[in-house]
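To start, the structure under review is shown below, and the notes come after it.
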Amino acid sequence: MGLTPSDTAGAIALIQDRQSKYYVARVLGVSRCSIQRAVNRFPETKGYTRRVGSGRKRSTTDHDDHFLTLTILRNRDTTAVRARNELQEVRSVAVSERTVRKRLEEHGLSARTLAHCLLLIREYRVARLLIAHEHRNWGIEEWGRILFTDESRYCRRSSDGRQRVWRSTGQRVAQCNFVPGISFGSGSIMVWGGISMEARTELVVVNGGAMTANRYIRDILTLHVVPFAPFIDNDSILMHDNARPHIAQIVNEYLDTVEIHHIIWPARSPNLNPIEHVWDMVGRRVKDRTPAPANLRDLSAAVIQECQEIDQAVIQDLFEGMP
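Each step along the sequence shown adds one to the number in this note's numbering, with nothing skipped, and position 289 is 297.
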């Protein structure tokens, strides 16, 4: 690596102080030849930078760089190798893939992981806009009539995200740095709950298989939502997401039968349920427990206890922040 202007200035000062070139090279961590070139150049340039025009000439012109930039901007998922090949085919300029990347970086372009999002056709966008307009003037009185419900899953050992491990280079597959794949991981529990402005439902641990529409009616709506609704308001409104068990025809018919109104959310709507903040608080509290839950029974007890210990004032703050 060449000398920087500050290194060159320091080298010249040491040489003028009658230090040997070998000593200066050792201090700066460069070769003696680099020091010799800097000393020879200084009387001519009277500066600490290299001569203008010295060094290897660029392998691409400004037009070539512009071609590479346009190639990438017109087809953003192309690769540096393809851009290099197009440059050679169209402009007869042969460069390396690394050169292509450097030219693109000079123009502020670098390869990044492609972001993924839901496909929103016009029908979905219109429906989302309509429901936003319907609720934009809602105040705390309207939001306070809603029972927000949701399910959440808690894992015994770790989250569902990517796990990290501290290791040295070359130890990726060391026995202590990987975990064998297990079909059901370390175990997890699914819970259901609901929150309102003044109270909350009992937290239900969903055991024994997946949630179905019939089970949702039998174990959740009948036992927990219907008895709880009158405590909110005679005009209380149920809010649950668009999971298949929630929007099944038999569920809608049951809600009509028991005269419980519910918000019909458009397909592929953003998750605006304030209970997500409650799940997050519970998850952090369970994670901070010492000792950690040893089995699923302990995990269930910990989640229930931590949820019960969240003050209702915290939930009220979530509601008051919605208007």
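Every residue, glycine too, gets a C-beta built ideally from N, C-alpha and C.
Just so we're clear, the structure is a prediction, and the values are computed from it rather than from any experiment.
Tell me, please, which residues DSSP counts as bridged to residue i.
i, result
"H270", "L246"
"I197", "Y162"
"R208", "I203"
"I2", "Residue 2 lies beyond the stretch modelled for the chain, which goes from 9 to 331, so this question has no answer here."
Helix, strand or coil for residue i, going by three-state DSSP, please let me know.
i, result
"G217", "coil"
"L128", "coil"
"L117", "coil"
"I318", "coil"
"A146", "Here residue 146 is Trp; the residue named in the question, Ala, does not match the sequence. W146: coil per DSSP, three-state reduction."
"Q27", "coil"
"L229", "helix"
"K54", "coil"
"N281", "coil"
"S39", "coil"
"Q257", "helix"
"T107", "helix"
"G18", "helix"
"P238", "helix"
"M289", "helix"
"T12", "coil"
"S176", "coil"
"D296", "coil"
"L122", "coil"
"R276", "coil"
"A182", "coil"
"A251", "coil"
"N48", "helix"
"N303", "coil"
Quick one: is residue i buried, meaning 16 or more other Cβ sit within 10 Å of its Cβ, or exposed?
i, result
"A21", "exposed"
"T220", "exposed"
"H248", "buried"
"V322", "exposed"
"V32", "buried"
"T16", "buried"
"S160", "buried"
"D72", "buried"
"R111", "buried"
"Y162", "buried"
"Y30", "exposed"
"R92", "buried"
"N215", "exposed"
"N250", "exposed"
"C315", "buried"
"L95", "buried"
"D158", "buried"
"V266", "exposed"
"S191", "Low confidence applies here, because S191 scores a pLDDT of 47, under 50, leaving its location unreliable; read the following figure in that light. Answer is exposed; the Cβ neighbour count stays below 16."
Self-check item: Segment contact, 8 Å Cβ cut-off, at least three pairs: the segment 207-214 with the segment 226-238
Solution: yes
Quiz item: With contact counted as at least three CB pairs below 8 Å, one residue from each stretch, are the segment 79-91 and the segment 39-56 in contact?
Solution: no
Practice problem: State whether the segment 119-139 contacts the segment 273-290, with contact taken as three or more CB pairs (one from each stretch) at a distance under 8 Å. | Solution: Flag = yes, the segment 119-139 and the segment 273-290 touch.
Quiz prompt | Sequence ranges, alpha helix (DSSP H) only - wholly within the segment 56-105, length at least 4 | solution = 70-82 and 88-99
Quiz item: Between the segment 290-309 and the segment 257-264, are three or more C-beta pairs nearer than 8 Å?
Solution: no
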